[in-house]
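J.: Residue numbers (the numbering used here), protein chains in the order written: chain U, 6 to 235; chain S, 57 to 462. First the structure, then my questions, so here it is.
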């Protein structure tokens, strides 16, 4: 995928970080716009129409979470959080508010670019693609069929639903709450043990070594993610 | 006959009076004894005040309030459940406090007030005020009860003073410990923090110098150095933050049912790069979900694995094993490395303690201390042993929550 013409809005109040991101992202053919406050960020998304937003959490006028929430009221633009806060609670809050990904500072530019591309890819490839392939795992949502190394895999209805939700958000971290709500429904958001048991069972069926999973990855304390390119 | 009768009846009355008085004194002594016993059992100022309130409240059927002195002022600090104090009752307490004399109901000062206030006096001064208020407004204290309140008040004052002194002593000790930690931090860490910065600054300044013609390989190596040292610095800062959390007791342990396999897997994933050339054998009995803090326990395993990698030769195996006994579960991390000198086994979990190694093992001496802090916050324990056939083995034992038996 080529990055040419892609527009990115960098929101951070630290001039040093904006300067470094501008240099690195421009070198990778992004057109870079900058904002230093939450208000500027909200206005910037309207005026510059970026393809993706890179957002710091601690902004002088409002929290990045609040910026995310307000953007999500009308926009599906990919949002990647860049923050020094490494607490799981902060990550969960950002993801639950609608952020696409979360990267803790300090970070490597390679890692950031990979996350940006993945987030943009997820939004441009419409979710109408019913066939998901990653490594030796194939999931055909139209036929409800799962194969591993061409061998059919039998899943319980709950395990299937879990995998289906992961597939439709492949590559993205889904929080425990998001998974519980999508698979079990409202009111089950705190039944984490049901999720853990089903993830464990699912792994025993689709992973060759459930201790070193290749497809269903754990984001400790936050949630799970299906690897899109295993 | 009449005289004899009168004398006898007078004697009988006196004997009875004396017997009554003796009984009363005995009852008082018993009550006072019970009171002091309750006070002795209480630890900390809050418990002491609760013991005073409960005991006096029950013995005298009164609502009780305790004011404590704070400098020149005094504030209500504890009271019987549902007791709310009025402005005029506060005024009684203030008077008693300022004049160092009982005031309010049944005394010469402000006798119309519903509350009776006694100063809580010790040799060092007035530590507070004890206020009592009858639940039944028509009930008055008997002479005996007034005497009892006096005795209660002096016992209560001593108990409060003792608790306050103990608290001060603890506070002083805590401050001292914090100071010691800070000094140790500064001494040991300033070196560790500066060293990577020296390398980074050096590498960057060389790259910036236009006059020096650097060949591609040199440039590359400078960049790699700077980036490796930056990662090391970040790791160190992370460890310091973790350690501060453990030290400050600010670590919140979220106990929730976790899949041990997932915990171990997440730790292995975090160290993927370092474990590349290592055969890692994971031995898991069929474990139930066990209660723990997922993120913190991953951190413990990451530190133990990282330690195993550092202190054993490249290519040698690392074994991770988890099993459940009847009331505990146990996770072990074992390597085939150099082992630990027997005299160091107990000290490896101390802050900044590093087993002496001649050849460049870098670390902060914090990893295992953090492990210990986290495991203890889970009410568990961790130990280090030398392994049969060479190497070391770290075992963490954690209690199973109720209803979770293997």
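Note that the Cβ used here is the ideal one computed from N, Cα and C, for glycine as well.
Is residue 7 (chain S) close to chain U? Criterion is C-beta to C-beta, closer than 8 Å.
T.: As displayed, chain S neither begins before 57 nor continues past 462, which places residue 7 (chain S) out of reach and without an answer.
J.: Just how far apart, CA to CA, sit residue 206 (chain U) and residue 228 (chain U)?
T.: In the first chain, counting from the first residue as 1, residue 206 (chain U) sits at position 201. In the first chain, counting from the first residue as 1, residue 228 (chain U) sits at position 223. Looking at the two C-alpha atoms, the distance is approximately 16 Å.
J.: Report back the beta-carbon spacing between residue 455 (chain S) and residue 383 (chain S) to the nearest angstrom; my notes put them in contact at under 8 Å.
T.: Taking the second chain and counting its residues from 1, one reaches residue 455 (chain S) at position 399. Taking the second chain and counting its residues from 1, one reaches residue 383 (chain S) at position 327. Right, the Cβ-Cβ distance comes to about 7 Å (below 8 Å), so this counts as a contact.
J.: Identify every residue that forms a DSSP beta bridge with residue 52 (chain U).
T.: Counted from its first residue, the first chain places residue 52 (chain U) at position 47. Its beta-bridge partners do not exist; DSSP assigns none.
J.: Kindly list, in the order they appear in chain S, the residues whose Cβ is closer than 9 Å to that of residue 202 (chain U).
T.: To locate residue 202 (chain U), count along the first chain from 1; it is residue 197. Simply 313, 315 and 345.
J.: Mind checking residue 414 (chain S): buried by the 16 CB within 10 Å criterion, or exposed?
T.: Within the second chain, residue 414 (chain S) is the residue found at index 358, counting from 1. Unreliable positioning characterises residue 414 (chain S) in this predicted model, as indicated by a pLDDT of 45, which lies under 50. The coordinate reading is nonetheless provided below. By the neighbour-count rule (16 or more Cβ atoms within 10 Å), residue 414 (chain S) is not buried but exposed.
J.: Anything in chain S within Cβ reach of residue 226 (chain U), meaning under 7 Å, just list it in chain order.
T.: Looking up residue 226 (chain U) in the first chain gives position 221. Those within 7 Å of residue 226 (chain U) in chain S are 350 and 351.
J.: For residue 445 (chain S) and residue 360 (chain S), what's the separation of their Cα atoms in angstroms?
T.: Numbered from 1 along the second chain, position 389 holds the residue referred to as residue 445 (chain S). Numbered from 1 along the second chain, position 304 holds the residue referred to as residue 360 (chain S). Each residue's Cα considered, the two are about 20 Å apart.
J.: If the criterion is Cβ atoms closer than 8 Å, does the pair residue 116 (chain S) and residue 201 (chain S) meet it?
T.: Along the second chain, one-based indexing puts residue 116 (chain S) at 60. Along the second chain, one-based indexing puts residue 201 (chain S) at 145. Against a cut-off of 8 Å, the Cβ pair of residue 201 (chain S) and residue 116 (chain S) comes out as a contact.
J.: Flag residue 93 (chain U) as yes if its beta-carbon sits less than 8 Å from any beta-carbon of chain S, otherwise no.
T.: Working through the first chain from its first residue, we reach residue 93 (chain U) at position 88. Yes, residue 93 (chain U) counts as interfacial toward chain S.
J.: Please confirm whether residue 160 (chain S) and residue 171 (chain S) have their CB atoms less than 8 Å apart.
T.: Taking the second chain and counting its residues from 1, the one referred to as residue 160 (chain S) is at position 104. Taking the second chain and counting its residues from 1, the one referred to as residue 171 (chain S) is at position 115. A contact, by the Cβ cut-off of 8 Å.
J.: What is the DSSP secondary structure of residue 452 (chain S), reduced to helix, strand or coil?
T.: Counting from 1 along the second chain, the entry for residue 452 (chain S) is found at position 396. Correct three-state label for residue 452 (chain S): strand.
J.: How would you call residue 97 (chain U), buried or exposed, if buried means at least 16 neighbouring beta carbons within 10 angstroms?
T.: On the first chain, residue 97 (chain U) is found 92 positions in, with the first residue counted as 1. Its Cβ being crowded by 16 or more others within 10 Å, residue 97 (chain U) is buried.
J.: Using alpha carbons as the reference points, say which of S:233, S:349, S:357 and S:340 lies closest to residue 434 (chain S).
T.: Within the second chain, the letter at position 378 stands for residue 434 (chain S). Ranking S:233, S:349, S:357 and S:340 by Cα distance to residue 434 (chain S) puts S:349 first.
J.: Can you pull the DSSP bridge partners for residue 136 (chain S)?
T.: The residue labelled residue 136 (chain S) in the question sits at position 80 within the second chain. Bridge partners of residue 136 (chain S): none, in fact.
J.: Going by the beta-carbon positions, is the gap between residue 71 (chain S) and residue 124 (chain S) smaller than 8 Å?
T.: Here residue 71 (chain S) refers to the residue found at position 15 of the second chain. Here residue 124 (chain S) refers to the residue found at position 68 of the second chain. Contact: no.
J.: For residue 257 (chain S) and residue 146 (chain U), what's the separation of their Cα atoms in angstroms?
T.: In the second chain, residue 257 (chain S) corresponds to position 201, counting from 1. In the first chain, residue 146 (chain U) corresponds to position 141, counting from 1. Each residue's Cα considered, the two are about 53 Å apart.
J.: What are the boundary residues of the beta strand (DSSP E) that residue 442 (chain S) is part of?
T.: Indexing the second chain from 1 puts residue 442 (chain S) at position 386. From DSSP, the beta strand (DSSP E) with residue 442 (chain S) extends over 437-442.
J.: To the nearest whole angstrom, what separates the beta carbons of residue 27 (chain U) and residue 55 (chain U), a pair I think is in contact under 8 Å?
T.: Position 22 of the first chain, counted from the start, is the residue given in the question as residue 27 (chain U). Position 50 of the first chain, counted from the start, is the residue given in the question as residue 55 (chain U). About 14 Å; that fails the 8 Å criterion.
J.: Listing by chain order, which chain S residues have their CB less than 8 Å from the CB of residue 198 (chain U)?
T.: Start at 1 with the first residue of the first chain, and residue 198 (chain U) comes out as number 193. Within chain S, the residues near residue 198 (chain U) are 312, 313 and 345.
J.: Under 8 Å between C-beta atoms, does residue 157 (chain U) make it to chain S?
T.: On the first chain, position 152 is the one that residue 157 (chain U) refers to. Answer no: the Cβ-Cβ gap between residue 157 (chain U) and chain S never drops below 8 Å.
J.: When we look at the beta-carbon of residue 264 (chain S) and count the other beta-carbons within 10 Å, is it buried (16 or more) or exposed?
T.: Residue mapping note: residue 264 (chain S) aligns to position 208 of the second chain, counting from 1. Exposed is the call here.
J.: Suppose contacts are defined by Cβ-Cβ distances below 8 Å. Is residue 126 (chain U) in contact with residue 103 (chain U) by that definition?
T.: Numbered from its first residue, the first chain carries residue 126 (chain U) at position 121. Numbered from its first residue, the first chain carries residue 103 (chain U) at position 98. The answer is no: Cβ separation not under 8 Å.
J.: Can you list the residues of chain S that residue 223 (chain U) reaches, using a CB-CB cut of under 8 Å?
T.: Position 218 of the first chain holds residue 223 (chain U). The answer, in chain order, is 318, 321, 322 and 325.
J.: Name, going along the chain, the residues of the region 76-100 of chain U whose beta-carbon falls closer than 7 Å to a beta-carbon of chain S.
T.: Within the region 76-100 of chain U, the residues whose Cβ lies closer than 7 Å to some Cβ of chain S are 93, listed in chain order.
J.: Checking 8 Å against the spacing of the C-beta atoms, do residue 118 (chain U) and residue 176 (chain U) come in under that value?
T.: Position 113 of the first chain holds residue 118 (chain U). Position 171 of the first chain holds residue 176 (chain U). Cβ distance not < 8 Å, so residue 118 (chain U) and residue 176 (chain U) don't count as in contact.
J.: Does the region 310-317 of chain S come close enough to the region 197-215 of chain U to have 3 or more Cβ pairs within less than 8 Å?
T.: Result yes; three or more Cβ-Cβ pairs closer than 8 Å.
J.: In this structure, how does DSSP classify residue 271 (chain S) when only helix, strand and coil are distinguished?
T.: Taking the first residue of the second chain as position 1, residue 271 (chain S) is located at position 215. Note: residue 271 (chain S) maps to coil in three-state DSSP.
J.: Which first and last residues belong to the alpha helix (DSSP H) in which residue 326 (chain S) is found?
T.: For the purposes of this step, residue 326 (chain S) is taken as the residue at position 270 of the second chain. Looking at the DSSP string, the run of the alpha helix (DSSP H) that includes residue 326 (chain S) is 316-326.
J.: What's the call for residue 142 (chain S), buried or exposed, on a 16-neighbour Cβ count within 10 Å?
T.: Locating residue 142 (chain S) in the second chain gives position 86, counting from the first residue. Counting Cβ neighbours within 10 Å, residue 142 (chain S) comes out exposed, since fewer than 16 surround it.
J.: Checking 8 Å against the spacing of the C-beta atoms, do residue 344 (chain S) and residue 288 (chain S) come in under that value?
T.: Translated into positions along the second chain, residue 344 (chain S) becomes position 288. Translated into positions along the second chain, residue 288 (chain S) becomes position 232. Not a contact, by the Cβ cut-off of 8 Å.
J.: Can you look up residue 219 (chain U) in the DSSP assignment and give me helix, strand or coil?
T.: Residue numbering aside, residue 219 (chain U) sits at position 214 when the first chain is read from its first letter. In the structure shown, residue 219 (chain U) sits in coil (DSSP, three-state: anything other than H, G, I, E or B).
J.: Under 8 Å: do the region 387-406 of chain S and the region 354-371 of chain S share three or more Cβ pairs, one atom per stretch?
T.: Touching, yes, given that three or more Cβ pairs across the two stretches are closer than 8 Å.
J.: Below 7 Å on C-beta distance, what does residue 98 (chain S) contact in chain U?
T.: By one-based count along the second chain, residue 98 (chain S) stands at place 42. None at all; the shortest Cβ gap to chain U is about 37 Å.
J.: Determine whether the Cβ of residue 6 (chain U) lies closer than 8 Å to any Cβ atom of chain S.
T.: As a position in the first chain, residue 6 (chain U) is number 1, starting the count at 1. Low local confidence applies: a pLDDT of 46 at residue 6 (chain U) is under 50, so the model's placement there is unreliable, with the coordinate-based value given in what follows. Answer no: the Cβ-Cβ gap between residue 6 (chain U) and chain S never drops below 8 Å.
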